[in-house]
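The structure appears right after this line, and notes come after that.
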Amino acid sequence: MTAKITLEIFWAFGASACCAFYFNAEKKDALIASALAGVGWFLFCVFKINGAHESFGCFCASCAVASGAEAFAVIVKRPATVYLVPGIIPLVPGGGVFLMMRSAVQGDFSASLSYGYGALGAAIAIALGIAIASSVARTVRAAIAKHRGVHR
């Protein structure tokens, strides 16, 4: 792992921690959410380095973050959103949206469309990753509860 990727993971961890504290999360919850954000950003970087499309990297990273958030929600007995929202902050395509708007203001509409499609693809991939991971986690929890004879 290069120093650049290590620094990026550190910044993802820090940004997620700041977001968690902004949402008044407890220290333990902020630490877990920040660790999930670091793992998600690491996975995104791995896919990006290996030539995968940015949207695919966002999808896989958001699946991992959402799966971790669901797992920690069960372990720590908190809502998954406590870990999920700060955990996906590094993946949100804010830079792409900024570049899209800057290109549009400068009159470069082809570049604006290109950046916009990239940001939209990343946002959709993040949403799909969260939806799939959360659905799988809910199905697994229901199957385990049914196996144990617990009804909700």
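All residue numbers in the sequence shown are consecutive under the working numbering, ending with 1450.
Note that beta-carbon positions come from the ideal geometry of N, C-alpha and C, so glycine has one too.
What are the start and end residues of the alpha helix (DSSP H) that includes residue i?
| i | result |
| --- | --- |
| Gly1366 | Glu1352 to Val1374 |
| Ile1307 | Ala1301 to Tyr1320 |
So is residue i buried or exposed if we call it buried at 16+ other beta carbons inside 10 Å?
| i | result |
| --- | --- |
| Val1363 | buried |
| Pro1377 | exposed |
| Ile1307 | buried |
| Gly1447 | exposed |
| Phe1396 | exposed |
Check whether the Cβ atoms of residue i and residue j lie closer than 8 Å to each other.
| i | j | result |
| --- | --- | --- |
| Asp1327 | Val1372 | no |
| Leu1329 | Ser1360 | no |
| Leu1411 | Gly1366 | no |
| Cys1356 | Phe1342 | yes |
With DSSP collapsed to three states, give me the class of residue i.
| i | result |
| --- | --- |
| Gly1393 | helix |
| Pro1388 | helix |
| Gly1419 | helix |
| Ala1378 | coil |
| Asp1406 | coil |
| Gly1447 | coil |
| Ala1440 | helix |
message = I'd like to know if the stretch 1412 to 1425 and the stretch 1348 to 1366 are in contact, where contact means that at least 3 CB-CB pairs between them fall below 8 Å.
response = Two segments are said to touch when three or more pairs of C-beta atoms, one from each, lie closer than 8 Å; by this definition the stretch 1412 to 1425 touches the stretch 1348 to 1366.
ask   = Should the stretch 1395 to 1414 be called in touch with the stretch 1433 to 1447, which here means at least 3 C-beta pairs below 8 Å?
value = no
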